[in-house]
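This report concerns only the one structure given below.
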Amino acid sequence: MFTEVLSEGSVSTKSLWSLRSIPVRLLALDILGLFICLNLAVWLRLSEPVDWFNPTVYGFVLFTLAGLYLADTYKPDTQIAGLRAPARILVCNVIVGVISAALIYLSGAWRENPLLWRSVLLPSFALFTPWAVLLRMIAASWTRAHVQQSRWLILGASENTKEFIEDFQAKTPLGRLVVLTEKLEKCTEPIYKNVNCVGSISDFPSWTSQLWSGVLVGNKLELSDDQVRQLMQMRLKGVPVYKLPDFYESLWYKLPSSLLQDNWFAYSAGFNLIQGRIDSKIKRIIDIIAATTLLVVLSPIMLLVAIAIKLDSPGAIFYSQVRAGLNGNPFRVHKFRSMYKDAEKRGAQWAQERDPRITSVGYWLRILRLDELPQIINVLRGEMSLIGPRPERPEFDIKLKEAIPYYEVRYLVKPGITGWAQVLYPYGASIEDAYKKLSYDLYYIKNYSLLLDVAIALKTVRVVLLGKGR
1 MFTEVLSEGS
11 VSTKSLWSLR
21 SIPVRLLALD
31 ILGLFICLNL
41 AVWLRLSEPV
51 DWFNPTVYGF
61 VLFTLAGLYL
71 ADTYKPDTQI
81 AGLRAPARIL
91 VCNVIVGVIS
101 AALIYLSGAW
111 RENPLLWRSV
121 LLPSFALFTP
131 WAVLLRMIAA
141 SWTRAHVQQS
151 RWLILGASEN
161 TKEFIEDFQA
171 KTPLGRLVVL
181 TEKLEKCTEP
191 IYKNVNCVGS
201 ISDFPSWTSQ
211 LWSGVLVGNK
221 LELSDDQVRQ
231 LMQMRLKGVP
241 VYKLPDFYES
251 LWYKLPSSLL
261 QDNWFAYSAG
271 FNLIQGRIDS
281 KIKRIIDIIA
291 ATTLLVVLSP
301 IMLLVAIAIK
311 LDSPGAIFYS
321 QVRAGLNGNP
331 FRVHKFRSMY
341 KDAEKRGAQW
351 AQERDPRITS
361 VGYWLRILRL
371 DELPQIINVL
381 RGEMSLIGPR
391 PERPEFDIKL
401 KEAIPYYEVR
411 YLVKPGITGW
421 AQVLYPYGAS
431 IEDAYKKLSY
441 DLYYIKNYSL
451 LLDVAIALKT
461 VRVVLLGKGR
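For the sequence shown, full-length UniProt numbering gives the first residue as 1, with consecutive numbering after it.
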């Protein structure tokens, strides 16, 4: 029965990986649509061509794109495919329109062209909104028609396989999974929820003729020479073959430490952000320039925060705490105080949701991540970087190193004010959360680049503006 089901039609190998290109394509088409709508509005309302040398044109485009990004309308999942996409875009464009009108009024641009807002920008928003909604409906239709129909063959069933299946099903829509286990007797019950194994790996030759989007080889699975040759033949026919860590890294931008082994670290490319290499030196120069600029620009906000803390509750404005830094060396990290005085007299504790130790002002400081601003000083002193794994307290570090494999790899680089884990994973307050966040930290350490740092910086801005801190 399974053979009959899986032989129905072919799913393009590129379909699933094309999912990653959806945000880029949407962005390009949004830019095209904005310029078309703006040009059409000017032609209809003013009967003249657009002045492409007018900076307002490009400001309008960039401002609208920023709003769509902050509204999460470029994610190739429920934000695009769900019914909420039109509402998100409509609300986003209304907010951007109101802010644009306010900026035009405050800047005095309306004096030069009183019809700018009413005759040009408002019609442009009206024309662009259905364009943006239609694009996302098309993206959703493509996703359902192609990606959800992809089929993946997994060789080997283990605890790591169950973890992968859980992630796979959570990252919908990614298609269907079929599992071959090491021993047929392991097929007596579902591996995870609705995923069953359909046979043993000894039956692998009978499955190679099926049409697959890819083959995933389980961790620590030993294959015979014949099975390796069969995998090679599938690879040469265009079917991608992945070890589980490679799949995680390529598609989900993380590396679960439970899937890794010493030989993986020994042979894997990357890990260029090691002290003494040119990458770390360039990163340090950027840190100094950016931290100095941020300190000057944000000093008025920091002054207001300090006043608010002092008025809100008794105690010091700043709070320092020992954290583990580069190579595990301890240093003192500085933060704005967000808790009541003597909040940790009973010892170190992870912050919890609705933590009673947090002050009224501290709640908002954490939501907006403003409590982290004094760490700019740590960056200038060379103890931290602007971007990197978050430094952990030694009390927690001891437990985490014992519970999580390869946790100490985080010490290869300087800790950061923000990081890949902070922008992709919610606040964690448990060993399980620390394990999941480490998977993002390992990806960052292995794949560091200036472009990745820029992406993290942009995502951090979105996290701050949307108040996703704790």
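The beta-carbon is built from N, C-alpha and C at its ideal position, and this holds for glycine as well.
Note that this is a predicted model, so its numbers are computed, not measured.
Fill in: At least 3 beta-carbon pairs within less than 8 Å: the region 415-427 vs the region 393-400
As far as the Cβ criterion goes, the region 415-427 does not touch the region 393-400, which means the pair count is below three.
Practice prompt. Excluding the 5 residues preceding and the 5 following E182 in the sequence, name in chain order all residues of the same chain whose CB lies nearer than 8 Å to its CB.
Written response: Around E182: G156, A157, S200, I201, L221.
Practice prompt. Put G59 into one of helix, strand or coil per three-state DSSP.
Written response: G59: helix per DSSP, three-state reduction.
Practice prompt. In the DSSP assignment, find the beta strand (DSSP E) that holds A324 and state where it starts and stops.
Written response: For A324, the enclosing beta strand (DSSP E) begins and ends at 318-324.
Worksheet item: Hey, V305 and L370: beta-carbon distance below 8 Å or not?
Response: Less than 8 Å separates the beta-carbon of V305 from that of L370.
Item to complete: State the DSSP-derived secondary structure class of Y427, mapped to helix, strand or coil.
Response: Coil.
Discussion item. In the DSSP assignment, the alpha helix (DSSP H) including V297 goes from what residue to what residue?
Written reply: Here the alpha helix (DSSP H) through V297 covers 278-312.
Item to complete: Can you have a look at V361 and say buried or exposed, based on whether 16 or more other CB atoms are within 10 angstroms of its CB?
Response: Around the beta-carbon of V361, 16 or more other beta-carbon atoms lie within 10 Å, marking it buried.
Item to complete: Mind checking which residues open and close the alpha helix (DSSP H) that includes W207?
Response: Start and end: 204-207.
Worksheet item: In chain order, what residues of the same chain have a beta carbon less than 7 Å from the beta carbon of S439, not counting five sequence neighbours either side?
Response: Here the set comprises K254, L255, P256, S257.
Worksheet item: What number of angstroms, rounded off, separates the C-alpha of D433 from the C-alpha of L127?
Response: Distance between the alpha carbons of D433 and L127 is about 44 Å.
Fill in: Under the three-state DSSP convention, the category R357 falls into
Here R357 sits in coil by DSSP.
Discussion item. Just to check my reading of the structure: N160 and G214 have Cβ atoms closer than 8 Å, yes? What is that Cβ distance to the nearest angstrom?
Written reply: Contact between N160 and G214 is absent: CB atoms are separated by about 17 Å, not below the 8 Å threshold.
Discussion item. Any heavy atom of the ligand SAM closer than 7 Å to the beta-carbon of V413?
Written reply: Among the components modelled here there is no ligand, and therefore nothing to report on the ligand SAM.
Practice prompt. Indicate whether the contact test is met: 3 or more Cβ pairs, each with one atom in the region 32-52 and one in the region 66-73, closer than 8 Å.
Written response: Judged by Cβ distances under 8 Å, the region 32-52 makes no contact with the region 66-73, as fewer than three pairs qualify.
Worksheet entry | Residue from Y444, V133, P330, I138 with nearest C-alpha to R393 | R393 has its Cα closest to that of P330, out of Y444, V133, P330, I138.
Worksheet item: Where R448 and F271 are concerned, what is the direct C-alpha to C-alpha distance, given to the nearest angstrom?
Response: It should be pointed out that residue 448 corresponds to Tyr in this sequence rather than to Arg. Between Y448 and F271, the C-alpha separation is close to 7 Å.
Fill in: Inter-residue Cα distance where the pair is I317 and M339
Approximately 10 Å between the Cα atoms of the pair.
Worksheet entry | Range of the contiguous beta strand (DSSP E) that encloses G199 | Unbroken beta strand (DSSP E) run through G199: 197-200.
Worksheet item: Where does K436 land, buried or exposed, given buried means 16+ other C-beta within 10 angstroms?
Response: K436 comes out buried.
Worksheet item: Assuming P245 and L236 make a contact with CB atoms under 8 Å, what is their CB distance in whole Å?
Response: Distance from P245 to L236 at the Cβ level is roughly 22 Å; contact not present, criterion being Cβ atoms closer than 8 Å.
Discussion item. Using CA atoms only, rank isn't needed, just tell me which of N54, V379, A140, A132 is closest to L27.
Written reply: Of the listed residues, the one whose Cα sits closest to L27 is A132.
Worksheet item: Does the distance from the CB of P415 to the CB of G325 come in under 8 Å?
Response: Going by C-beta atoms, P415 is nearer than 8 Å to G325.
Practice prompt. In the DSSP assignment, find the unbroken alpha helix (DSSP H) run with R235 in it and report its ends.
Written response: First-last of the alpha helix (DSSP H) with R235: 225-236.
Worksheet entry | L34 beta carbon less than 8 Å from that of T56 | No. Outside cutoff.
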